[in-house]
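Going by my numbering, the sequence shown opens with residue 1, and the numbers climb by one from there.
Note that the Cβ used here is the ideal one computed from N, Cα and C, for glycine as well.
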Amino acid sequence: MALARRELIQAAFGLLGNLGISSAMGHYSGQRTPGKAKRVISLFLAGGPSQVDLFDPKPMLVKYQGQRPGGVDLRTERQTGGLMPTPFAFSKRGRNGIDVSDILPKLGGVIDEISVIRSMYSFNPTHTPASSLYHTGTILANRPSIGSWISYGLGSENQNLPSFVALNSAGPAARSAFLPAEHQGMPLNGSDVEPEKMIPNLRNKLLDATAQRRQLDAVQALNRRFTESFGADEFLAGRIESMEAAYRMQFEATDAFDVRKETAETRALYGE
């Protein structure tokens, strides 16, 4: 059962992509100041470099190298050794003298545009629950991910495209939990640049657009009959809305997700 419990709280890893602002912003009262954020991109690099190797060298690691001081002698899932300092050199960069690893020379040149937070910590040193804590704020499996909350708060600029997408990710990292199903992240295959391969089942291979529309209208009619008999069901409504969104998305996603249509200059900014 231990394995099953870990699977229940397993956090998927990935990137949360483009989140649009809701058109409902225009309905906010005059006393409220609308937020300026229109989209959020979150990079979560599973297996990526440690913060100790990037922005937080922790000089005390050098002092206690190879030792296990009482304050950090934690019980972990696997056997671990003594403390290990970073093998990389650091330099003070920017106007505020932020510590930046020498393995990030270009990022160090724009460090004044970046907020580096070094006060976060976790009580759990094990990867899976710690990752779940990042994505959902808890190690429990029944909480929405950060992307779902942002989608819930900002909405979408384009009703024909999802407000929350997750590259190479699924599970808790994209889960909407108790939020409406429309805020669940849509997983994308980031290993391919063709939209048809990035988005599973983007196009219906069995029905044309007209037949699909008739099918959705029939489902909506059944949904209305169900609601009249048993009352509204938000999960059923969410599934229906997901079907409607999938129908609309197949006509726009091929352009929106086709990075091959970007200019050479834009693609060069992101690298290969």
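Comparing alpha carbon positions, the residue from Gln220, Lys58, Thr210 and Ala209 closest to Ser119 is Lys58. The criterion of a C-beta distance shorter than 9 Å is satisfied by Leu188 and Asn168.
For the region 95 to 134, the continuous beta strand (DSSP E) assignments of 3+ residues that do not extend past its boundaries occur at 98 to 101, in sequence order.
Within the region 215 to 257, no run of beta strand (DSSP E) reaches 3 residues while sitting entirely inside it. Beyond the five residues adjoining it in sequence on each side, His183 comes within less than 6 Å, by CB distance, of Ser148, Ser151, Tyr152 and Ser176 in the same chain, given in chain order.
Put simply, the region 239 to 255 touches the region 211 to 228. At least three CB pairs are less than 8 Å apart. Pairing Leu83 with Leu61 gives a Cβ-Cβ distance under 9 Å. One alpha carbon belongs to Lys205, the other to Leu74, and they sit about 54 Å apart. Only exposed fits Ser50, as fewer than 16 other CB atoms lie within 10 angstroms of its CB. In the assembly as shown, Gly185 is a buried residue. Its beta-carbon has 16 or more other beta-carbons within 10 Å. Close CB contacts of Thr86 within its chain, under the 7 Å cut and outside five residues either way in sequence, are with Val52, Asp53 and Pro57 (chain order).
For Ser50, the three-state secondary structure derived from DSSP is coil. A distance below 6 Å between beta-carbons, with the five flanking residues on each side excluded, links Pro180 to the following residues of its chain, in chain order: Gly238. In terms of Cα proximity to Ala211, the closest of Leu269, Glu265, Tyr247 and Met198 is Tyr247.
In chain order, Val100, Gly108 and Ile111 place their CB closer than 6 Å to the CB of Arg93, counting only its own chain and leaving out the 5 sequence neighbours on each side. Our two residues, Val72 and Thr80, have alpha carbons roughly 11 Å apart in a direct line. Residue environment: Val259 is assigned as exposed (fewer than 16 neighbouring CB atoms within 10 Å of its CB, all protein chains considered).
Annotation: Asn223 to Ile139 spans about 35 Å, alpha carbon to alpha carbon. His135 is not a Cβ neighbour of Ser122, given a cutoff of 9 Å. In the DSSP assignment, no residue is bridged to Ala211.
Taking a C-beta distance under 9 Å as the contact criterion, Ala253 and Pro172 do not qualify as a contact pair. Nearest Cα to Pro162 within the set Phe257, Gly47 and Thr266: Phe257. At the C-beta level, Asn142 and Ala245 stay beyond 9 Å of one another.
Ala166 is the residue among Ile199, Phe230, Glu265 and Ala166 whose C-alpha sits nearest the C-alpha of Phe44. Residue nearest to Asn96 within the set Val116, Pro105, Glu228 and Arg78 is Val116 (criterion: CA-CA distance).
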